Amino acid sequence: MKKIAPIRILLVDDHFLVRMGLASSLNEEDDLEIIGEAASIAEATAAAAARLPDIAVIDMRLPDGSGHELIRDLTNRYPSLKCLVLSVNTGENDILQAFKAGARGYLSKSIERPELLEAIRTIAKGGDYFPASIRRQLDQGHARPDLTPREFEVLELVVKGMLNKEIADRLGLAEITVKQHVSAVLRKLNVQDRTQAAIAAVERGLVRLGE
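Set out below in structure tokens:
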């Protein structure tokens, strides 16, 4: 009988102990194989190029960018590669951005091991895996203003009270570019100024205070 090739997995998380725990747990399964680990977008990109995985398990917060940026890049480069988010960040904004970027599943790090295994195997077979609580937020998110990932980033910083120059410095953008993003956000939220935008963002669940 021909042996079925294991599901090849790349782990992307900036916390070493998280990666170590996941690798130890997943490697116990005969049909799963950890082929690489990465602590950043740069490391993940290099690892995927060196040895293409079937599934990348990705955290949403990485030191050199957002998980959704990595998801978009990997799925564009490698159509066969599927991405599963495993994160402590389960806000609507994160879920929606990951989904739009091409994630095939989204899980909270508080889940139990059997659900993680089920998600990996379901996605490897071509399915999606979004638990009910995640699906509800995803459905709600589709009714939200169609902000781009960059506009969401700008909005989050506006809510924190940052000025255009501060936002530009934080995101590595020209100040005029930030001004254009802010104008687009105001238009899409149908508000007149930054204060109204911040209030609307929090009230409508687009941004959570303290994140």
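Heads up: the sequence shown begins at 28 in our numbering, then just goes up one per residue. Using N, Cα and C, we set each Cβ at its ideal position, and we do this for glycine too. Note that the structure is a prediction, hence the values are computed from the model and not measured.
Beta strand (DSSP E) segment containing residue i, residue limits
i   : result
L59 : L59 to A65
Residue i Cβ short of 7 Å to the ligand NAP heavy atom set
i    : result
R148 : No copy of the ligand NAP appears in this structure; indeed no ligand is present at all.
Per DSSP, cross-strand counterpart(s) of residue i
i    : result
V39  : A65 and I85
L111 : V84 and G132
S51  : Looking at the DSSP assignment, S51 forms no beta bridge with any residue, so it has no partner.
G118 : G118 is not bridged to any residue.
S93  : R88
I31  : Paired residue(s): none; I31 is not in a bridge.
Nearest-angstrom Cα separation, counted from residue j out to residue i
i    : j    : result
A211 : Q124 : 17 Å
I161 : I122 : 7 Å
V112 : G132 : 6 Å
S137 : V84  : 15 Å
L174 : F126 : 14 Å
L143 : L165 : 19 Å
V115 : R88  : 9 Å
I147 : I82  : 8 Å
P141 : A201 : 46 Å
L134 : N217 : 32 Å
E145 : P106 : 22 Å
D220 : L53  : 49 Å
F157 : R197 : 32 Å
V45  : A159 : 25 Å
Extent of the continuous alpha helix (DSSP H) to which residue i belongs
i    : result
V294 : Residue coverage of the chain in this structure runs from 28 to 238, which leaves residue 294 outside it and unanswerable.
G154 : Looking at the DSSP string, G154 is not in any alpha helix (DSSP H), and its letter there is neither H nor E.
L184 : P176 to V186
I226 : R221 to E230
E193 : N191 to L198
Cβ distance (whole Å) where residue i is taken to contact residue j below 8 Å
i    : j    : result
T102 : G129 : 4 Å
D155 : D86  : Not confirmed; about 19 Å, so no contact.
A74  : L49  : At roughly 15 Å, the Cβ-Cβ gap does not stay under 8 Å, so A74 and L49 are not in contact.
H208 : V181 : 4 Å
D91  : I68  : 5 Å
V185 : V229 : That belief does not hold up - the Cβ atoms of V185 and V229 are roughly 11 Å apart, past 8 Å.
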